[in-house]
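This report concerns only the one structure given below.
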Amino acid sequence: MYFCAEQTNQFMTRLSVNINKVATLRNARGGNMPDLLQVATDCEKFGADGITVHPRPDERHIRRSDVLALRPLLRTEFNIEGYPSPEFKDLVLKVKPHQVTLVPDAPTQLTSNSGWDTKLNLNFLSEVLDEFNNAGVRTSVFVAAAPEMVEYAAKAGADRVELYTGPYAVAFAKDRDAAVAPFVEAAKVARSLGLGLNAGHDLNLTNLKFFLTNIPWVDEVSIGHALICDALYLGLERTIQEYKKQLV
Ligand code: PXP
């Protein structure tokens, strides 16, 4: 049985650190520096509530072998995100992480830049979600802040939706209230349907707190790029603590 934060009265949003960038840095030189497994366990030690990885078919950052090696090491929530290709599904069903997040990425895509059209892909998503739900893996579907997309994610059988916050981050600089408004609406729909709520993409130390103050029922944020960039200046431990301070 799945409980979202509100149902368990744990209002604090959780921070999942996406470590793909760490793998990208390691792969740039071929060796094992930085050591991805060490970084992942250090993130946990420094206060991360979870670790996210996004394996892609070309293994340009996280490799299949990384995912397998991380599983027994992690003590917090393990979230694997990606496009549900047959290879991805096999990996997730083998590893059985706490959560799988379905992302509509083309294999060569630089980074996720849109949510699913959950209406158009209802049958496909329903089948995939069924497999993961039957295996006891919590499911989340990456969607834009659009009520209809959230509704169809629920119809497909998702436990949660992850709101794609890229557009929020872009609009935030100009008008933060207007930027967050569609996300509040989509988040209300998710809540009314009993879906758990995640959010991610381009969240950072500047825009995160405002987002969560407006939508305090977010269960989890997944943050990679900005957090690793901040760590270059602040160090990983302090960076994770700074992000944790933004959680409401
Ligand atoms: N959520 C999803 C589904 C993603 O694909 C990504 C990027 O890999 C993130 C969250 C994290 O985004 P960012 O690296 O901008 O923090």
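Residues 6 to 253 (this note's numbering) are what the sequence shown spells out, left to right. We treat Cβ as the ideally placed atom computed from N, Cα and C, and that holds for glycine. Quick caveat, the model's predicted, so the values are computed rather than measured.
- Each residue's CA atom was taken as its position, placing I220 and N118 some 22 Å apart.
- Rounded to the nearest whole angstrom, the CA to CA distance from N138 to Y238 is 41 Å.
- Around the beta-carbon of D110, 16 or more other beta-carbon atoms lie within 10 Å, marking it buried.
- In its chain, beyond the 5 residues on either side, no residue has a beta carbon closer than 7 Å to the beta carbon of S70.
- In the structure shown, L98 falls within a helical segment according to DSSP collapsed to helix, strand and coil.
- Residue environment for S145: buried (at least 16 other C-beta atoms within 10 angstroms of its C-beta).
- Screening all residues for a C-beta within a distance smaller than 6 Å of any heavy atom in ligand 1 leaves N23, N25, H59, E86, T106, V108, T116, S117, F147, E167, G205, H206, D207, L208, S227, I228, G229, H230 and A231, in chain order.
- The straight-line gap separating the alpha-carbon atoms of Y248 and E86 is approximately 21 Å.
- Your pair F188 and A150 checks out as a contact, with CB atoms roughly 5 Å apart and the cut at 8 Å.
- The C-alpha of A53 is placed about 14 Å away from the C-alpha of L42.
- Annotation for H103: G55, E82, F83, N84, V142 and R143 place their beta carbon closer than 8 Å to its own, counting only its chain and skipping 5 residues before and after.
- Taking C-beta atoms as the reference points, A176 and T123 fail to come closer than 9 Å.
- Distance between S21 and S90, taken at the CA atoms: about 23 Å.
- Taking each of I228, R243, K250 and D235 in turn and checking the Cα distance to I24, the smallest one comes out for I228.
- Distances from the CA of V148 to each of L134, E132, R165 and A140 were compared; the closest alpha carbon is that of R165.
- With fewer than 16 other Cβ atoms inside 10 Å of its own Cβ, D95 counts as exposed.
- With fewer than 16 neighbouring CB atoms inside 10 Å of its own CB, E132 falls in the exposed class.
- Taking the CA atoms as reference points, W121 sits about 23 Å from L217.
- For Y88, the three-state secondary structure derived from DSSP is coil.
- Contact check for W222 against R243 fails: the beta carbons are separated by 9 Å or more.
- Going by C-alpha positions, E92 is about 18 Å away from L75.
- According to DSSP, I220 shares a beta bridge with no other residue.
- Residue range G201 to G205 is occupied by the beta strand (DSSP E) that includes A204.
- Around the beta carbon of E64, fewer than 16 other beta carbons sit within 10 angstroms, so the residue counts as exposed.
- Rounded to the nearest whole angstrom, the C-alpha separation of L198 and G171 is 24 Å.
- DSSP places R19 inside the beta strand (DSSP E), whose first and last residues are R19 to N23.
- Taken in chain order, the complete alpha helix (DSSP H) segments of 4 or more residues contained in the stretch 142–174 are 152–161.
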